[in-house]
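A.B. asks: Take this structure, written in structure tokens, and hold onto it; I'll ask about it next.
Residue numbers (this note's numbering): 180 to 292.
Right under this line is the structure:
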């Protein structure tokens with residue numbers, strides 16, 4: 180076991196704790212979704228209501244953008260499926276996986292390949 184370090188300020192102590200958690204796979208799901216600065220701010224008690232709302236709005240915007248892109252991809256795939264294009268061609272042109280094309284086809288009763 181490593182000897183404990185003594186820190187003169189809070190910033191290096193928090194940064195070290197975050198690094199330790201990442202290196203030892205502690206709270207992996209949480210750290211996979213959060214940026215180190217955000218974690219530091221939260222732990223360092225600089226996390227105010229306004230910042231929390233900003234982060235929530237940013238996350239909502241990212242989610243909305245992804246949902247919009249997914250909807251456009253789905254519509255494109257559906258149009259090509261209705262034209263009976265090969266799954267490989269649809270996958271390539273839609274920049275999506277074959278599994279996604281197949282899932283969309285099956286979900287919409289358009290599977291033919």
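Glycine included, each C-beta is placed from N, C-alpha and C at the ideal position.
#1: Report yes or no: do three or more beta-carbon pairs, one from the region 245 to 255 and one from the region 272 to 290, lie closer than 8 Å?
#2: Between 291, 237, 241, 198, which has its C-alpha nearest residue 263's C-alpha?
#3: So the alpha helix (DSSP H) residue 287 belongs to, where does it begin and stop?
#4: Where does the unbroken alpha helix (DSSP H) through residue 267 begin, and where does it stop?
#5: Which residue's Cα is closest to the Cα of residue 275: 261, 289, 288, 257?
#6: State the Cα-Cα distance for the pair residue 206 and residue 200, rounded to the nearest angstrom.
#7: Let me make sure I understand the geometry here. Which of 260, 193, 241, 272 has the alpha-carbon closest to that of residue 284?
#8: In this structure, does DSSP put residue 202 in helix, strand or coil?
C.D. replies: Judging by the given coordinates:
#1: yes
#2: It is 291 whose Cα lies nearest to the Cα of residue 263.
#3: Neither: residue 287 is in no alpha helix (DSSP H) and is coded neither H nor E.
#4: 266 to 273
#5: Closest in C-alpha terms to residue 275, from the list 261, 289, 288, 257, comes 257.
#6: If you take the alpha carbons of residue 206 and residue 200, they lie about 7 Å apart.
#7: 260
#8: helix
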